[in-house]
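Just below is one structure, and these are the notes that go with it.
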Amino acid sequence: MRVEESKFIWMDGELVPWGEARVHVLSHALHYGTAVLEGTRAYETARGPAVFRLDDHLRRLVVSARIIGLAMPYPVEELREATLRTVAANGRPSCYIRHLAHRGYGEMGIAARGCPTSVSIATWEWGALLGSGVRLMTSSWRRNDQTVVPTAAKATGPYLNSVLAKQEALDAGYDEAVLLNSAGYVSECTGANLFVVRDGVLATPPDSAGALAGLTQDTVERLAADLGLPAVRRELMRSDLYAADEVFLCGTAAGIVHVSSVDRRELGDGPGPVTARLSDAYDAVVHGRDDRYQHWLTPVAA
0 MRVEESKFIW
10 MDGELVPWGE
20 ARVHVLSHAL
30 HYGTAVLEGT
40 RAYETARGPA
50 VFRLDDHLRR
60 LVVSARIIGL
70 AMPYPVEELR
80 EATLRTVAAN
90 GRPSCYIRHL
100 AHRGYGEMGI
110 AARGCPTSVS
120 IATWEWGALL
130 GSGVRLMTSS
140 WRRNDQTVVP
150 TAAKATGPYL
160 NSVLAKQEAL
170 DAGYDEAVLL
180 NSAGYVSECT
190 GANLFVVRDG
200 VLATPPDSAG
210 ALAGLTQDTV
220 ERLAADLGLP
230 AVRRELMRSD
240 LYAADEVFLC
250 GTAAGIVHVS
260 SVDRRELGDG
270 PGPVTARLSD
280 AYDAVVHGRD
290 DRYQHWLTPV
300 AA
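Numbering (numbering that gives the first Met the number 0), first residue to last: 0 to 301.
See below:
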């Protein structure tokens, strides 16, 4: 999906015009994938634009940096203010927000610990990453193993795994790919967590399956509990996807979207009842229509 330009990008303490936000071609992260990222969203609410679970996203950014040994030059409090400042400066009632911390220019080589960490915050208008009725395929690529790269970190380098699986799915005529881990259990999709529903019970793979601990995944579990829907984290086999009553994906970029087929096994054209309830609940929460979850929303304007 094409990026719609905004006015400014925050870079290391300054709002820089969009077209002038540049990094050196010899930045370490460009060559070795030494960066961490977050995808966050601001939503239009009756009280003005508000960022959903901003502090949770920023804490995960800082933890991801710590896991891969990347020095983070800004605390969460400063990143929060920078995020709100950037969203306000770009003037959109709703937007996608990309936080990136990367090892920059200064040295070359695998370690290059003398390279400074550069942090940027960009916002742009971005619709849902996936349309409703996703056609899912099982990728021939396996999910990164946690003994190879730290799957708990939302790091850029390991995303090549997702890129390869996504390309494979699109080339084969599908919308998205699901990756199995080295043991053959379901992990996650290329940019979203996955839930199956069977006999009214939700199940999603555990972090140990190689899946990123998704904040939207966590949100779904909390909403399910409040709706009286049982939810568990357990290992899922490929056949569990075929036997499910419903399958849906969730993520900041995707929202909650139902899966219409897995490896050409049809699951229905429209969202099932559980998926529909959760999708409606999620929409109400992020747009500030459910007062029980106002603590998850950070207003852009005080």
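Glycine is no exception: its CB is placed at the ideal position from the N, C-alpha and C atoms.
{"Check": "How far does the alpha helix (DSSP H) with Arg58 in it reach, from first residue to last?", "Outcome": "Leu53 to Ile67"}
{"Check": "Among Arg46, Tyr104 and Ser238, which residue has its Cα nearest to the Cα of Arg263?", "Outcome": "Ser238"}
{"Check": "Quick one: complete alpha helix (DSSP H) runs, 4+ long, within the region 216 to 268?", "Outcome": "237 to 242"}
{"Check": "With a threshold of 6 Å on Cβ separation, who are the neighbours of Thr150 within its own chain once the five nearest residues in sequence on each side are excluded?", "Outcome": "Asn143 and Gly209"}
{"Check": "Going by Cα to Cα distance, which pick from His56, Thr82 and Tyr73 is closest to Pro298?", "Outcome": "Thr82"}
{"Check": "Taking the alpha carbon of Gly38 as the point to measure from, which residue in Arg58, His27 and Arg21 has its own alpha carbon closest?", "Outcome": "Arg58"}
{"Check": "Could you tell me whether the region 265 to 272 touches the region 285 to 299, using the rule of 3 or more Cβ pairs below 8 Å?", "Outcome": "no"}
{"Check": "Determine the extent of the beta strand (DSSP E) in which Asn192 is found, giving its start and end residues.", "Outcome": "Asn192 to Arg197"}
{"Check": "On the DSSP bridge assignment, give the partners of Ala121 in chain order.", "Outcome": "Ile8 and Arg97"}
{"Check": "Check whether the Cβ atoms of Cys114 and Gly105 lie closer than 8 Å to each other.", "Outcome": "yes"}
{"Check": "Evaluate Arg52 with the Cβ neighbour count: other Cβ atoms within 10 Å of its Cβ, from every protein chain shown; 16 or more gives buried, anything less gives exposed.", "Outcome": "buried"}
{"Check": "Taking the alpha-carbon of Ser117 as reference, which of Met10, Gly32 and Asp289 has the nearest alpha-carbon?", "Outcome": "Met10"}
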